[in-house]
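Positions in the sequence shown are counted from 1; adding 6 to them yields our numbering. Using N, Cα and C, we set each Cβ at its ideal position, and we do this for glycine too. All values derive from a computational prediction rather than experimental measurement.
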Amino acid sequence: MKRRVLFVDDDPNVLQGLQRMLRSMRQEWDMDFAGGGEEALRKMEGTPFDVVVSDMRMPGMSGAQLLQEVARRYPSTVRIVLSGHSDREYILQLVTTSHQYLAKPCDADTIKDTVNRACALRDLLTSEELSGVVSRIDSLPSLPSLYTRIIQILQSDDPSLQKVGEVIAEDIAMSAKVLQLVNSSYFGIARRISNPVQAVMFLGLETVKALVLSVQVFATWDSRKVRQYDIETLWQHSMTIGMIAKRLAEMEQLRTSEADDAFTAGLLHDIGKLILAASLPDKYEQIVQDCRKSHLPVWVAEEQTFGTTHAEIGAYLLGLWGLPTAIVEAVAWHHRPAECPARTFCPLTTVHVANGLWHEMRHSECQDMGALLDTTLMEDLGLQERIPVWRSACKQILGSGGK
Ligand SMILES: [Fe+2]
Ligand SMILES: [Fe+2]
């Protein structure tokens with residue numbers, strides 16, 4: 007089926023330029039062009055679009071207003087900003103209204119790649135209800151203790167950026183958000199960044215301050231909404247998996263950048279659980295409670311209820327936000343690594359192994375009994391004799407209380 011893509015810009019030359027530049031995509035995309043926000047909304051009324059690519063600064067309805075409206079009316083539409091303005095004001099609007107940011111001038115390949123990848127990710131989630139839920143998310147709740155710590159550091163007389171980075175790197179939601187920002191082409195960084203501390207260094211104190219204190223994209227968890235779902239446990243588990251995955255990457259001599267990918271992928275691997283618990287709290291609480299009684303793996307129960315699991319849901323959000331592919335892949339296939347086309351020891355393998363060994367060792371506390379190690383895959387990769395070595399490294403990290 008052809009993808010429907012709508013481009014919005016008040017400058018007719020820009021629209022004509024896009025039309026010319028993307029002519030080769032006519033077989034794959036149904037493209038339409040609108041000269042402003044009002045016209046765009048009128049066009050969307052007929053048949054909604056899969057993707058909207060909009061300029062930010064436009065007379066009348068601004069890009070931010072348009073994208074906000076699109077998010078409200080058509081939550082599953084992917085929202086991309088294509089803008090030539092790089093004021094701080096815009097980058098802060100970006101984080102609450104769009105999924106990705108592209109800087110003008112933008113070449114055809116980047117636009118094609120961004121739109122196609124966003125659409126491919128949408129295919130991962132077949133449920134219209136869930137893709138709507140996920141596309142609507144602009145931020146996720148942080149662990150209250152970490153959130154308070156960030157505020158304290160930022161409000162102190164001489165806040166240390168390094169300290170801010172270290173606290174953010176302990177939090178699933180804040181890490182995902184700073185990585186979305188830093189990897190947007192607004193910052194024009196050639197390589198993708200997957201280390202949250204590095205991301206914070208790059209953003210600088212002023213932007214981080216604005217994010218936390220004025221735009222408030224980092225919200226704290228409302229415990230009244232989700233009583234049963236034990237978020238402290240999820241955080242502990244995620245942080246530990248990040249550390250074990252990084253350790254395994256180092257043991258298998260992956261590059262430093264891949265070890266960073268491994269850590270972040272581990273930290274974020276269960277972000278889908280956070281999405282479900284925050285967005286559909288009643289349904290999700292029921293699933294978690296049922297699993298406790300029936301000892302069914304959580305992801306199997308999710309599949310029965312939603313037709314998909316927290317792995318795909320998490321990967322969908324991170325992909326929409328433009329996080330590095332290695333991280334998105336690791337999140338998507340962390341329970342079923344054999345389904346990923348990559349057949350080498352990579353960040354995905356480290357997260358799968360870390361998660362499998364963790365569940366093996368913490369069997370009594372675990373809520374995810376099915377998360378076992380795929381030993382057949384390890385044999386295929388010729389790595390089965392490494393398992394005992396990994397197991398003792400994992401024991402060491404768990405024994406040290408995950409320090
Ligand atoms: Fe999981
Ligand atoms: Fe997990």
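Applying the criterion that 16 or more other CB atoms from any shown protein chain within 10 Å of the CB defines a buried residue, is residue i buried or exposed?
i              : result
valine 395     : exposed
arginine 128   : buried
threonine 270  : buried
aspartate 288  : exposed
alanine 344    : exposed
isoleucine 466 : The requested residue 466 is not part of the displayed model; the chain covers only 7 to 409.
proline 65     : exposed
lysine 279     : buried
isoleucine 195 : exposed
alanine 6      : Missing from the structure shown is residue 6; the chain here goes from 7 to 409 and no further.
methionine 249 : buried
proline 330    : buried
histidine 301  : exposed
arginine 142   : exposed
serine 5       : Only positions 7 to 409 of the chain appear in this structure, which leaves residue 5 out of reach.
glutamine 99   : buried
glycine 210    : exposed
alanine 77     : buried
glycine 52     : exposed
aspartate 17   : exposed
aspartate 115  : exposed
serine 244     : buried
serine 68      : buried
serine 82      : buried
leucine 379    : buried
Give the DSSP-derived three-state secondary structure of residue i in the structure shown.
i              : result
isoleucine 86  : strand
valine 14      : strand
leucine 108    : strand
serine 181     : helix
serine 411     : Nothing can be reported for residue 411: it is not among the residues displayed for the chain, which extend from 7 to 409.
serine 300     : helix
serine 190     : coil
serine 60      : strand
glutamate 318  : helix
asparagine 361 : helix
isoleucine 393 : helix
cysteine 346   : coil
methionine 7   : coil
isoleucine 403 : helix
threonine 53   : coil
tyrosine 290   : helix
alanine 205    : helix
glycine 43     : helix
glutamate 258  : coil
serine 244     : helix
tryptophan 327 : coil
arginine 253   : helix
alanine 271    : helix
glycine 388    : coil
glutamine 74   : helix
serine 263     : helix
Using DSSP's beta-bridge definition, name the partner residues of residue i.
i                 : result
phenylalanine 351 : In DSSP, phenylalanine 351 forms no bridge with anything.
proline 147       : Ala225
aspartate 38      : Leu12
Could you tell me if the beta carbon of residue i falls within a distance shorter than 7 Å of some heavy atom in ligand 3?
i             : result
aspartate 380 : Only ligand 1 and ligand 2 can be found as ligands here, which leaves ligand 3 out of the picture.
Would you call the region 347-366 in contact with the region 235-255, where contact means no fewer than 3 C-beta pairs closer than 8 Å? yes
In chain order, each beta strand (DSSP E) run of at least 3 residues that lies wholly inside the region 120-166: none
Say whether the region 137-153 touches the region 173-187, bearing in mind that this needs 3 or more beta-carbon pairs closer than 8 Å, one atom from each stretch. yes
Inter-stretch contact at 8 Å, needing at least 3 Cβ pairs: the region 50-60 / the region 13-32: yes
On the three-pair Cβ rule with 8 Å, is the region 187-204 touching the region 324-342? yes
Would you be able to state if there are at least three C-beta pairs under 8 Å between the region 155-165 and the region 205-221? yes
Taking one C-beta from the region 117-124 and one from the region 101-108 each time, how about it: are there three or more such pairs within less than 8 Å? yes
Decide yes or no for the touch test of the region 306-325 against the region 170-178: beta carbon pairs closer than 8 Å, at least 3 of them. no
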